[in-house]
Amino acid sequence: MAHDKFRAEILTPEGEVFSDEVEMISTRTTAGSIGVLAHHAPILAMLEPTELRLYKTESEVVRYAQAEGYMQVAENRALLLVEEAHSPNELGGLNLRERLNQAERELESAGEDTERRRVAERDKRRLEVFLGISEG
Amino acid sequence: MAQSQRDVRNRINAVKNIQKITRAMEMVAAARLRRAEQRIEALRPYASAIRRMTRQAAEAAGNVPQLPILVEHENVRSVGLLLVAGDRGLAGAFNSNIVRAGVAAGRQHDGEGHAPIYFASGRRPASSLTFRGVEPAESFTGFTDRPAYADARRIAERLMAAYVDEEVDRVEIFYNGYISPLSQVVRRETLLPLQQATILEEERDEGESESSDHPEHRALVEYEPDPEEILGRLVPDYVEISIFRALLESTASEHGARMTAMRNASDNAGELITDLTLEMNRARQAEITQEIMEVVAGAEGLSG
Numbered sequence: 002m003a004h005d006k007f008r009a010e011i012l013t014p015e016g017e018v019f020s021d022e023v024e025m026i027s028t029r030t031t032a033g034s035i036g037v038l039a040h041h042a043p044i045l046a047m048l049e050p051t052e053l054r055l056y057k058t059e060s061e062v063v064r065y066a067q068a069e070g071y072m073q074v075a076e077n078r079a080l081l082l083v084e085e086a087h088s089p090n091e092l093g094g095l096n097l098r099e100r101l102n103q104a105e106r107e108l109e110s111a112g113e114d115t116e117r118r119r120v121a122e123r124d125k126r127r128l129e130v131f132l133g134i135s136e137g
Numbered sequence: 100m101a102q103s104q105r106d107v108r109n110r111i112n113a114v115k116n117i118q119k120i121t122r123a124m125e126m127v128a129a130a131r132l133r134r135a136e137q138r139i140e141a142l143r144p145y146a147s148a149i150r151r152m153t154r155q156a157a158e159a160a161g162n163v164p165q166l167p168i169l170v171e172h173e174n175v176r177s178v179g180l181l182l183v184a185g186d187r188g189l190a191g192a193f194n195s196n197i198v199r200a201g202v203a204a205g206r207q208h209d210g211e212g213h214a215p216i217y218f219a220s221g222r223r224p225a226s227s228l229t230f231r232g233v234e235p236a237e238s239f240t241g242f243t244d245r246p247a248y249a250d251a252r253r254i255a256e257r258l259m260a261a262y263v264d265e266e267v268d269r270v271e272i273f274y275n276g277y278i279s280p281l282s283q284v285v286r287r288e289t290l291l292p293l294q295q296a297t298i299l300e301e302e303r304d305e306g307e308s309e310s311s312d313h314p315e316h317r318a319l320v321e322y323e324p325d326p327e328e329i330l331g332r333l334v335p336d337y338v339e340i341s342i343f344r345a346l347l348e349s350t351a352s353e354h355g356a357r358m359t360a361m362r363n364a365s366d367n368a369g370e371l372i373t374d375l376t377l378e379m380n381r382a383r384q385a386e387i388t389q390e391i392m393e394v395v396a397g398a399e400g401l402s403g
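As they're listed, the protein sequences go chains A and B. If you're matching positions, the first sequence starts at 2 in this note's numbering and goes up one per residue. If you're matching positions, the second sequence starts at 100 in this note's numbering and goes up one per residue.
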């Protein structure tokens, strides 16, 4: 069955990644996975690293490895601001494994309850998600 | 005589080869400059969208929470100085201007009793600092040709952590601001503490009246998590975006400076080739004259 379509835009600091009509957006907020359909109530949400899926139709799905960001839905438009959005086939060139090892070393050397530690934890989580997508 | 003619010809060939290289470098820099300019443009919509969201969340929260990076440290013991320049040279005064400005500021801070702690982005400032005997606390290298947002985030996170963990009590950034391909200017800005005014400053030219004209819409917006928590992450984004913009402008400036430097080098090579060609022609003419004189003298000796 066909759903109503709505406009979805993905912006990163390096430019616009996606701008098209979609039936559904599937991503992850701090509260957990979320699927956004047309006519969704206005929301401002914080996004966590995950696999972002944009359903142009039920079978045509565009996927991205998404870093932290924000999603704003208003007036039947969705705007996703994410720090990084990579298509799965370009993840191989990002030295994810090496960067994950580095983040883990950083985590070990950082003191308890420091900002450095929180940064390393965030890096580790993001890189693990990206690795999962590139290997999955 | 034949010796000097060959010497000059060799020198002409050497200069011509150099000119070919500088011409090629000029063209590469011009192409990269265009790309770097486009990337500065590409950041703009993201930055203003972040700004709009921040304003919306701040209005919903009633105020901006007192995050650690917004709080000024009362006692300034040390100042972090982030010097942003390039990985490579051959770009005129691009790298040295930054190092000079940064080290001068560091001395001034030292005189006022604030210990300077250097951070370097780019191999050139890192090695110049080491050469001057001030080891940077951390160097970020390998991306100045094409900085990614992840690079800016890495630097921002390091500096914010240093600020929050009280390793530094203030952070300043030095970079080449991009004005035009021919003109770059050294900019010095305070990154931390972040000013509330920076966050909530209005952007008049964006034409975004539609959201601010309907306060009743905002009441219905659902926040996930609550606006205060969203602000807790939006606000540090400003530091990341500021650094990213500085990296992008610095990259554009680097290519602009290299393009200009290489154009000057090509022009100088051209002048040198003209001079040397003249010199070679003179040497050849002198040689011919000499030979004629010898022939004439010989003929006169025979007939006399």
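Using N, Cα and C, we set each Cβ at its ideal position, and we do this for glycine too.
P14/A at chain B interface by Cβ criterion, 8 Å: What you label residue 14/A is simply residue 13 of the first sequence in a count that begins at 1. Closer than 8 Å: yes.
Nearest-angstrom Cα separation, counted from S103/B out to A405/B: What the structure shows of chain B is the stretch from 100 to 403, and residue 405/B is not part of that stretch, so it cannot be assessed.
Inter-residue Cα distance where the pair is R138/B and F19/A: Taking the second sequence and counting its residues from 1, the one referred to as residue 138/B is at position 39. Taking the first sequence and counting its residues from 1, the one referred to as residue 19/A is at position 18. Answer to the nearest angstrom: the Cα atoms are 16 Å apart.
Chain A contact residues for V334/B, given Cβ-Cβ distances below 7 Å: One-based indexing of the second sequence puts residue 334/B at position 235. Chain A residues near V334/B: none, gap ~13 Å exceeds 7 Å.
Member of E91/A, L97/A, F131/A and A3/A whose CA lies at the smallest distance from the CA of E69/A: Looking up residue 69/A in the first sequence gives position 68. Closest option to E69/A, Cα to Cα, is F131/A.
In DSSP terms, what G74/A is bridged to: Along the first sequence, read from residue 1 onward, the residue named residue 74/A stands at position 73. Gly is not the amino acid found at residue 74/A; the sequence shown has Val there. According to DSSP, V74/A bridges with I44/A and A79/A.
Given I197/B as reference, the closest of A364/B, V394/B, S352/B and M361/B once Cα atoms are compared: As a position in the second sequence, residue 197/B is number 98, starting the count at 1. Among A364/B, V394/B, S352/B and M361/B, the Cα nearest to that of I197/B is on S352/B.
Classification of E315/B by the beta-carbon crowding that lies within 10 angstroms, buried from 16 upward: By 1-based counting over the second sequence, the position of residue 315/B is 216. Summary for E315/B: the model assigns pLDDT 45, below 50, so the residue's position carries little reliability, and this model does not support an answer.
Limits of the unbroken beta strand (DSSP E) element including R8/A: Translated into the one-based positions of the first sequence, residue 8/A becomes position 7. Counting along the chain, the beta strand (DSSP E) containing R8/A begins and ends at F7 to T13.
Closest by C-alpha distance to T350/B, when choosing among R110/B, V127/B and A135/B: Your numbering for residue 350/B matches position 251 in the second sequence. Answer by Cα proximity: A135/B.
Where T121/B falls, given that 16 or more other Cβ within 10 Å makes a residue buried: Numbered from 1 along the second sequence, position 22 holds the residue referred to as residue 121/B. Under this definition T121/B is a buried residue.
Sequence-distant residues of its chain with Cβ nearer than 7 Å to A190/B (five each side left out): For the purposes of this step, residue 190/B is taken as residue 91 along the second sequence, with counting starting at 1. Once the five neighbours on either side are set aside, the close Cβ partners of A190/B are E353, A356, R357 and A360.
Cutoff 8 Å: E305/B Cβ touching any chain A Cβ: Within the second sequence, the letter at position 206 stands for residue 305/B. Confidence at E305/B is low in this model, with a pLDDT of 47, below 50, so the placement of that residue should be treated as unreliable; the coordinate-derived value is given next. For E305/B, the answer is no, since every Cβ of chain A falls outside 8 Å of its Cβ.
CB contact flag (L128/A, R118/A, <8 Å): As a working note, residue 128/A is residue 127 in the first sequence. As a working note, residue 118/A is residue 117 in the first sequence. Their beta carbons are not under 8 Å apart, which means L128/A does not touch R118/A by this criterion.
Min CB distance P324/B to chain A below 8 Å: By 1-based counting over the second sequence, the position of residue 324/B is 225. Yes, P324/B counts as interfacial toward chain A.
Contacting residues, own chain, Cβ-Cβ under 7 Å from V37/A (five flanking each side not counted): Locating residue 37/A in the first sequence gives position 36, counting from the first residue. M25, I26, V74 and A79.
Given 8 Å, three or more beta-carbon pairs between the stretch 154-171 of chain B and the stretch 197-217 of chain B: no
Neighbouring residues, chain A, relative to I149/B (Cβ below 7 Å): For the purposes of this step, residue 149/B is taken as residue 50 along the second sequence, with counting starting at 1. By Cβ distance, chain A contributes L82.
Per DSSP, the bridge partner or partners of I26/A: Here the question's residue 26/A lines up with position 25 in the first sequence. I26/A is bridged to V37/A and L55/A.
Burial state of T373/B, where buried means 16 or more other Cβ atoms lie within 10 Å: Position 274 of the second sequence holds residue 373/B. Counting Cβ neighbours within 10 Å, T373/B comes out exposed, since fewer than 16 surround it.
Chain-ordered chain A contacts of I340/B [CB-CB under 8 Å]: Taking the first residue of the second sequence as position 1, residue 340/B is located at position 241. By Cβ distance, chain A contributes P14.
Of the listed residues I149/B, M126/B, L132/B and A123/B, nearest to I67/B (C-alpha basis): Nothing in the structure corresponds to residue 67/B, since chain B is present only between 100 and 403.
Alpha carbon of A42/A to alpha carbon of R252/B, nearest angstrom: For the purposes of this step, residue 42/A is taken as residue 41 along the first sequence, with counting starting at 1. For the purposes of this step, residue 252/B is taken as residue 153 along the second sequence, with counting starting at 1. If you take the alpha carbons of A42/A and R252/B, they lie about 32 Å apart.
Residue environment, Q207/B, which counts as buried when at least 16 other CB atoms sit within 10 Å: Along the second sequence, one-based indexing puts residue 207/B at 108. So Q207/B ends up on the exposed side.
The stretch 135-162 of chain B: positions lying closer than 9 Å to chain A by Cβ: Q137, R138, E140, A141, L142, P144, Y145, A146, A148, I149, R151, M152, Q155, A156 and A159
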